[in-house]
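Be aware that the sequence shown starts at 7, since it is given in the working numbering, and climbs by one per residue.
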Amino acid sequence: MTTQLFDLSGRIALVSGASRGIGEAIARLLAEQGAHVIVSSRKLEGCQPVADSICAAGGSAEAHACNVGSMDDIQALFAHIRTAHGRLDICINNGATNPYFGHVLDTDLGAFQKTVDVNIRGYFFMSIEAGKLMREQGKGAIVNTASVNALQPGPMQGIYSITKAAVVNMTQVFAKECGPLGIRCNALLPGLTKTKFA
Numbered sequence: 007m008t009t010q011l012f013d014l015s016g017r018i019a020l021v022s023g024a025s026r027g028i029g030e031a032i033a034r035l036l037a038e039q040g041a042h043v044i045v046s047s048r049k050l051e052g053c054q055p056v057a058d059s060i061c062a063a064g065g066s067a068e069a070h071a072c073n074v075g076s077m078d079d080i081q082a083l084f085a086h087i088r089t090a091h092g093r094l095d096i097c098i099n100n101g102a103t104n105p106y107f108g109h110v111l112d113t114d115l116g117a118f119q120k121t122v123d124v125n126i127r128g129y130f131f132m133s134i135e136a137g138k139l140m141r142e143q144g145k146g147a148i149v150n151t152a153s154v155n156a157l158q159p160g161p162m163q164g165i166y167s168i169t170k171a172a173v174v175n176m177t178q179v180f181a182k183e184c185g186p187l188g189i190r191c192n193a194l195l196p197g198l199t200k201t202k203f204a
């Protein structure tokens, strides 16, 4: 366990894309601060070891598979959260994809659709479901992992950069409309990070 930065005791936190990389680090930090963390990613076999490791270190966590590109998975995840916990205090939208690296003119429909489904539609509906729970509570926090590419597109990363720009705008929309409900909405814009997509 690391130094206590703030007290999240009794809070329920959901982190998507948490089986490795940035998402795993966020999940571990939230657990170290006392939150019960729902470690989520596409495959349970990726999430479970992270949740087990958090518990072994004295934290509280559970694993739940969810492909954020699937509406069925998103709805199943939030049905579980509502039934098992009845609340959600923190939602970290971190699951993302970047299947295409190349000239924007050569982007194929499959890569375009997959990137949009996960990076835009997934974040949007994860935020909606989280926001509905938080509206009932009168408080909560939604944090979206965007990218510096949202502001300055990376070469040969066209569709990824476009979706991350959409995430920044989406965050502003949710902040404006959900702020009065007691729901904070913010975006992180990390630079180049040595990580794998979960």
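We put the CB at the ideal spot given by N, CA and C, even for glycine.
These numbers were taken from a predicted model, which means no experiment stands behind them.
- Counted as a single uninterrupted DSSP element, the stretch harbouring Ile126 is not any alpha helix (DSSP H), since DSSP gives it neither H nor E.
- When only Cα atoms are considered, Met176 and Phe130 end up about 7 Å apart.
- In this structure, the beta-carbon distance from Leu94 to Ile18 falls below 7 Å.
- A contact is defined here as three or more CB-CB pairs under 8 Å, and the region 43-52 meets this definition with respect to the region 67-75.
- With distances taken between CA atoms, Pro105 lies nearest to Gln119 out of Gly92, Ile96 and Gln119.
- If you draw a straight line from the Cα of Val122 to the Cα of Lys145, it comes to about 29 Å.
- The bridge partners DSSP lists for Ala69 are Val45.
- Residue burial annotation: Phe107 is exposed, with fewer than 16 other C-beta atoms found within 10 angstroms of its C-beta.
- Counting the other CB atoms within 10 Å of its CB gives Gly164 a total of 16 or more, which places it among the buried residues.
- For Asn104, the three-state secondary structure derived from DSSP is coil.
- Relative to Asn125, the option among Val74, Leu14 and Cys191 whose CA is nearest is Val74.
- When the beta-carbon positions are compared, Gly29 and Asn100 come within less than 7 Å of each other.
- As the crow flies, the alpha-carbon of Ala57 is around 19 Å from that of Asp79.
- At least 7 Å separates the beta-carbon of Ser133 from that of Leu195.
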